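J.: Everything in the sequence shown is counted per the working numbering, starting at 170 for the first residue and increasing by one.
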Amino acid sequence: METFKTNYLPLLFLAILAYCSILYPLLVESCNPIDEEALLKFKGGIEYGAQYQLATWIPKTNCCATWYGVECDAANGRVVRLSPFRPANPMDVDISVFVNGTLSPFLGNLTYLQVLDLFHFQENYLSNPDGLRGPIPPQLGMLSHLTSLHLGANILNGSIPTSFANLHKLQFLYLGHNRLSGSIPNIIFRSMKSLSTLSLAGNNFTCSIPSSFMKKLR
Ligand SMILES: *[C@@H]1O[C@H](CO)[C@@H](O)[C@H](O)[C@H]1NC(C)=O
Ligand SMILES: *[C@@H]1O[C@H](CO)[C@@H](O)[C@H](O)[C@H]1NC(C)=O
Ligand SMILES: *[C@@H]1O[C@H](CO)[C@@H](O)[C@H](O)[C@H]1NC(C)=O
Ligand SMILES: *[C@@H]1O[C@H](CO)[C@@H](O)[C@H](O)[C@H]1NC(C)=O
170 METFKTNYLP LLFLAILAYC SILYPLLVES CNPIDEEALL KFKGGIEYGA
220 QYQLATWIPK TNCCATWYGV ECDAANGRVV RLSPFRPANP MDVDISVFVN
270 GTLSPFLGNL TYLQVLDLFH FQENYLSNPD GLRGPIPPQL GMLSHLTSLH
320 LGANILNGSI PTSFANLHKL QFLYLGHNRL SGSIPNIIFR SMKSLSTLSL
370 AGNNFTCSIP SSFMKKLR
């Protein structure tokens, strides 16, 4: 009896370990309540695309597991990537055409977000511009983990929020083809130490890109 127990103890241990590692990811990958609220507020601001791309965004379900275009960090369960208007198959260009609405300030509550990609694919954007409209919420400047921000090919207007000076980790900034205006504040780009790619074409900015920044880009 004694030998039986000791021989099978390691097996029992392995069985428990296997059981726990199956359960463990399920426990950490539930939607954080702050993230869930922010995503649902964002969905609320989208008028036409909701029944397509955002149809899987159902309250009280796990945003990390089943919501289209949402990715979480497995360790802390927080949303790190948001790209709901990208077709699952990059060759499928029709799916992302029908998006309009505004950007919710609640997006600024997605504290751990690294990639925010709301590029609006439109085959005939130049002849018939459409997409997300209104201002870029200053709250996006709270997303201090952002490495990539893509808001291209929409009809956003107003100016670049000065709060973008907080986006120290930003490497890619695409704001091209919108209706943005105003000056491009020097302070923003001086603090974006990691910026490697910048797209601002097709807007109505009043002055040129600061020379200090051009030098940095080489
Ligand atoms: C958004 O799209 C819907 C459906 O095409 C349209 O009825 C509505 O007028 C659009 N809203 C704006 C502000 O463009
Ligand atoms: C989420 O964002 C909204 C809009 O900026 C703000 O009013 C609210 O306090 C934020 N909630 C949290 C938990 O930070
Ligand atoms: C942005 O567009 C809306 C709707 O056309 C307009 O009412 C608003 O004044 C515009 N804002 C700026 C800053 O141009
Ligand atoms: C830029 O401003 C001019 C004059 O106000 C306007 O006619 C034009 O449509 C604007 N362009 C964009 C891309 O908003």
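We put the beta carbon where it would ideally sit given N, CA and C, even for glycine.
Source: prediction; values computed, not measured.
Consult DSSP for G371 and reduce its assignment to one of helix, strand or coil.
T.: As a working mapping, residue 371 is identified with position 202 in the sequence shown. G371: coil per DSSP, three-state reduction.
J.: How about S350: is its Cβ closer than 7 angstroms to a heavy atom in ligand 3?
T.: The residue you call residue 350 lines up with position 181 of the sequence shown. Within the cutoff, so yes.
J.: Could you name the residues whose beta carbon sits closer than 5 angstroms to any heavy atom belonging to ligand 3, keeping them in chain order?
T.: Cβ atoms closer than 5 angstroms to ligand 3 belong to N326 and G327.
J.: Is it true that the CB of L272 sits closer than 8 angstroms to the CB of L312?
T.: For the purposes of this step, residue 312 is identified with residue 143 of the sequence shown, where counting begins at 1. For the purposes of this step, residue 272 is identified with residue 103 of the sequence shown, where counting begins at 1. For L312 and L272, no; Cβs fall outside 8 angstroms.
J.: Between G277 and ligand 2, is there a pair consisting of the residue's CB and a ligand heavy atom that are separated by less than 7 angstroms?
T.: Your numbering for residue 277 matches position 108 in the sequence shown. Result yes, Cβ under 7 angstroms from ligand 2.
J.: Report the residue from P256, V239 and F254 whose alpha carbon sits nearest the alpha carbon of V248.
T.: Looking up residue 248 in the sequence shown gives position 79. If we check each option's Cα against that of V248, V239 comes out closest.
J.: Just to confirm, is the Cβ distance from L325 to G345 under 8 angstroms?
T.: Along the sequence shown, read from residue 1 onward, the residue named residue 325 stands at position 156. Along the sequence shown, read from residue 1 onward, the residue named residue 345 stands at position 176. The answer is no: Cβ separation not under 8 angstroms.
J.: Less than 8 angstroms separating the beta-carbons of L394 and L342?
T.: Residue 394 is absent from the model: the chain starts at 170 and stops at 387.
J.: In whole angstroms, what is the alpha-carbon distance linking A322 and D286?
T.: One-based indexing of the sequence shown puts residue 322 at position 153. One-based indexing of the sequence shown puts residue 286 at position 117. For A322 and D286, the distance between alpha carbons rounds to 11 angstroms.
J.: Leaving aside the five residues before and after F275 along the sequence, list all residues of the same chain whose C-beta is less than 6 angstroms from its C-beta, in chain order.
T.: Counting from one through the sequence shown, the residue named residue 275 turns up at place 106. A207 and K210, listed in sequence order.
J.: List the endpoints of the continuous alpha helix (DSSP H) containing G213.
T.: In the sequence shown, residue 213 corresponds to position 44, counting from 1. Counting along the chain, the alpha helix (DSSP H) containing G213 begins and ends at P202 to G213.
J.: For L320, which residues in the same chain have their Cβ closer than 6 angstroms to its Cβ, ignoring the five residues on either side in sequence?
T.: Translated into positions along the sequence shown, residue 320 becomes position 151. Result list for L320: L287 and L344, in chain order.
J.: Please go through the region 309-362 and give each complete beta strand (DSSP E) segment of 3 or more residues, from N-terminal end onward.
T.: Listed in chain order, they are 317-319, 324-327, 341-343 and 348-351.
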